[in-house]
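The structure under discussion appears below in the form of structure tokens.
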Amino acid sequence: MAKATILTVDDDPGVSRAIARDLRRHYGDRFRVLRATSGDEALEALREVRLRGEAVAVMIADYRMPTMNGVQFLEAAMDLFPRARRVLLTAYADTGAAIDAINFVDLDHYLLKPWSPPEENLYPVLDTLVDIWDAASDPEAPETRLVGHRWSAPSFAVREFLARNLVPYRWIAADEPEGAQLLEAAGLTAADVPLVITAEGKVLHSPTETELAAQVGLRTSPAADFYDVVVIGAGPAGLGAAVYAASEGLRTVLVERSATGGQAGQSSRIENYLGFPDGVTGAQLTDRARRQATRFGAEILSATEVVSLEAAGSGRVLRFADGTSIGAHTVVLATGVTYRHLAGAQLDGFCGAGVFYGSAAFEAASCRGDDVYIVGGANSAGQAAVYFSRFAEKVHVLLRGPDLAHSMSAYLIQQFEDVPNIEIHPCTEVASGAGEGHLERLTLRDNRTGALTDVDATWLFVFIGAEPQTQWLDGLIARDARGFVLTGPDLPEAGGRSPRWPLTRAPYHLETSVPGVFAAGDVRAESVKRVASAVGEGAMAVTLVHRYLEAQ
2 MAKATILTVD DDPGVSRAIA RDLRRHYGDR FRVLRATSGD EALEALREVR LRGEAVAVMI
62 ADYRMPTMNG VQFLEAAMDL FPRARRVLLT AYADTGAAID AINFVDLDHY LLKPWSPPEE
122 NLYPVLDTLV DIWDAASDPE APETRLVGHR WSAPSFAVRE FLARNLVPYR WIAADEPEGA
182 QLLEAAGLTA ADVPLVITAE GKVLHSPTET ELAAQVGLRT SPAADFYDVV VIGAGPAGLG
242 AAVYAASEGL RTVLVERSAT GGQAGQSSRI ENYLGFPDGV TGAQLTDRAR RQATRFGAEI
302 LSATEVVSLE AAGSGRVLRF ADGTSIGAHT VVLATGVTYR HLAGAQLDGF CGAGVFYGSA
362 AFEAASCRGD DVYIVGGANS AGQAAVYFSR FAEKVHVLLR GPDLAHSMSA YLIQQFEDVP
422 NIEIHPCTEV ASGAGEGHLE RLTLRDNRTG ALTDVDATWL FVFIGAEPQT QWLDGLIARD
482 ARGFVLTGPD LPEAGGRSPR WPLTRAPYHL ETSVPGVFAA GDVRAESVKR VASAVGEGAM
542 AVTLVHRYLE AQ
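The numbering used here puts the first residue of the sequence shown at 2, with every later residue one more than the last.
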């Protein structure tokens with residue numbers, strides 16, 4: 002099999018030779034290194050590689066080139082090799098342009114010239130990108146195919162499940178010739194979507210998440226009956242807990258009802274997370290954390306719902322929706338929160354058919370040339386607005402309050418000012434929606450005057466508030482009035498003992514009303530709703546798990 006290619010393009014011959022030399026020295030045994038001195042020359046080289054049926058792993062382009070600069074080249078090259086990782090080579094004075102490019106070409110990294118010594122400034126960056134490229138699927142390998150309709154809510158649910166679980170698939174519209182042929186072969190019609198055909202050729206008609214997970218290579222059943230720690234929820238807090246628990250030798254299983262990453266996994270770009278100065282997508286962060294957890298030996302169960310938790314002596318028993326159960330010494334609750342639905346706006350019938358709760362970034366290309374409406378003024382809404390602005394004709398951000406200052410980070414507000422097709426609508430709410438089969442119109446209300454405005458709209462993304470899904474803990478775990486789990490000092494005490502706390506010792510900081518059961522991340526009452534704090538709480542929970550186990 003031919004080697005994959007690492008391509009570098011720089012109009013300065015000296016720089017071009019130098020980086021090619023350093024790349025060949027470190028990667029020459031695994032990759033073919035090509036260099037070009039202009040964007041046009043590099044695109045021609047990529048077309049030849051494509052014709053030969055070979056792969057490109059990494060593309061490195063200098064920012065300052067005549068005729069076609071590095072950003073323009075990478076944008077054009079994405080169409081030829083969308084899987085290739087993209088790096089911009091810049092001088093110090095151009096770092097601002099490099100950061101801007103992150104939002105336009107989904108840049109993976111930028112490198113400052115000079116990069117000497119390469120052992121410190123070049124190879125570590127490229128090693129990470131090569132690992133990511135290696136871990137991604139081979140587009141020539143057998144693929145999962147999904148036949149559906151653009152406005153079919155069940156089709157959207159399958160797309161979302163596959164995308165958020167990082168399962169590669171190909172979307173085929175039911176009204177395309179290939180889609181019609183596949184439906185006919187399966188004995189179905191366009192009204193019967195979604196249809197899933199796995200890489201092995203197994204046909205699934207309107208599968209449940211559990212059925213789908215089992216057929217696309219996700220694990221749904223535990224390997225053992227008993228663990229040191231069960232982590233429930235695979236958002237940043239849960240992934241953090243799983244990484245630290247497994248790395249410290251605890252028998253660990255991570256159980257996720259839907260998809261790893263949680264709300265953070267849906268983010269198009271997280272730019273204020275420590276250690277990622279160029280930003281990182283939620284999918285990238287999730288993928289790295291998931292691989293890290295499994296490398297340390299943690300099991301990850303997908304599409305597996307925990308429906309009850311019981312205290313059984315010194316152990317804890319968790320029962321799943323399918324009737325099976327597992328036991329553990331300790332449990333970490335990291336189930337996060339879900340976006341609150343718009344109440345009273347008559348939109349429930351359009352969920353997945355024009356109305357989406359969360360980012361649904363995989364729908365961005367379908368929004369090309371349309372107006373997109375986003376409800377919410379926090380960071381998640383801001384990140385989505387910037388991302389969708391690359392595709393939409395205009396992005397309308399609807400704010401219940403008068404401005405963004407009290408709810409959104411300053412860096413995102415600044416980005417809004419630099420993106421001409423984002424329009425802010427203060428003091429504006431969605432009054433109702435209407436359409437035949439999918440969302441077609443919205444009625445907006447000015448909450449200062451009560452005035453109503455009708456607008457044509459086929460895309461509405463909602464990021465308003467969040468609520469925990471903790472009803473299944475009724476009768477066992479103490480929660481506040483909104484359903485968030487109470488821990489540590491927030492548990493009421495009465496003379497050292499309380500109906501909510503059975504031991505004479507005080508509960509540990511993240512410990513719930515059941516000893517040995519801890520809560521971390523957004524599900525915990527009064528937690529800080531940030532990715533970094535969630536990861537930190539996940540790590541802290543493992544420290545407290547050790548303390549609990551040592552005391553038993």
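Glycine included, C-beta positions come from ideal geometry on N, C-alpha and C.
In the structure shown, His397 adopts extended strand secondary structure according to DSSP, grouped into three states. Comparing alpha-carbon positions, the option among Thr209, Asp135, Ala137, Pro178 lying closest to Ser156 turns out to be Thr209. Boundaries cannot be given for Val168, as no alpha helix (DSSP H) includes it and DSSP labels it neither H nor E.
Taking C-beta separations shorter than 7 angstroms and ignoring five residues to either side along the sequence, the partners of Lys530 in its chain run Asp523, following chain order. For the pair Glu55 and Thr129, the CB atoms are not nearer than the 8 angstroms cut-off. Secondary structure in the region 48-89: the alpha helix (DSSP H) runs of 4 residues or longer, each lying completely within the stretch, are 71-81 in chain order. Distance from the CA atom of Ala313 to the CA atom of Met79, rounded to whole angstroms, is 55 angstroms. Counting only the Cα atoms, Pro421 lies some 20 angstroms from Leu461. Taking 8 angstroms as the cut-off, the Cβ atoms of Arg270 and Thr261 do not count as close. Between Tyr274 and Ala467, the CB-CB gap reaches or exceeds 8 angstroms.
The C-alpha of Val536 is placed about 23 angstroms away from the C-alpha of Asp132. Val332 is positioned such that its CB atom lies closer than 8 angstroms to that of Leu310.
Here DSSP, grouped into helix, strand and coil, assigns Cys352 to strand.
A Cβ-Cβ separation of about 5 angstroms places Val34 in contact with Arg25 under the 8 angstroms criterion.
The beta carbon of Ala181 sits closer than 8 angstroms to those of Ala175, Ala191, all from its chain and outside the five residues before and after it, given in chain order. Here the region 238-253 makes contact with the region 287-297; the two share three or more CB pairs at distances below 8 angstroms.
Classified as exposed, Thr68 has fewer than 16 neighbouring CB atoms from the shown chains inside 10 Å of its CB. Contact holds between the region 472-488 and the region 501-513, because three or more Cβ pairs, one in each stretch, are under 8 angstroms apart.
Between the beta-carbon of Leu405 and that of His426 there is about 11 angstroms, and that puts the pair past the 8 angstroms contact cut. Close CB contacts of Val231 within its chain, under the 7 angstroms cut and outside five residues either way in sequence, are with Val254, Val256, Leu319, Ile327, Ala329, Val332 (chain order). With 16 or more neighbouring CB atoms inside 10 Å of its own CB, Thr459 falls in the buried class. Here Leu184 carries a helix assignment [DSSP, helix/strand/coil]. Minimum Cα-Cα distance from Pro115 among the listed residues Asp109, Leu123, Leu108 corresponds to Leu123. Per DSSP, the continuous beta strand (DSSP E) segment holding Val308 begins and ends at 307-313.
Arg146 is bridged by DSSP to Arg171, Ile198.
Leaving aside the five residues that flank Phe351 on each side, the residues in its chain whose CB is nearer than 7 angstroms to its CB run, in chain order, Gly434, Gly436, His439, Leu440. A direct Cα-Cα distance of roughly 7 angstroms separates Val387 from Gln416. The beta carbons of Ala238 and Glu538 sit closer together than 8 angstroms. Rounded to whole angstroms, Gly149 and Tyr228 show a C-alpha spacing of 40 angstroms. Within a 10 Å sphere around the beta-carbon of Pro223 sit 16 or more other beta-carbons, which makes this residue buried. Around the Cβ of Ala520, a 10 Å sphere holds 16 or more other Cβ atoms; the residue is buried. Distance check between Asn380 and each of Asp226, Ser268, Gly298 places Ser268 closest, using alpha-carbon atoms only. Asp447: member of the beta strand (DSSP E) spanning 442-447, first to last residue. If you ignore the 5 residues before and after Pro469, its C-beta comes within less than 6 angstroms of the C-beta of Val338, Gly484, Phe485, Val524, all in its own chain and listed in chain order. Of the other Cβ atoms in all chains shown, 16 or more fall within 10 Å of the Cβ of Arg86; this residue is therefore buried.
With fewer than 16 neighbouring CB atoms inside 10 Å of its own CB, Pro83 falls in the exposed class.
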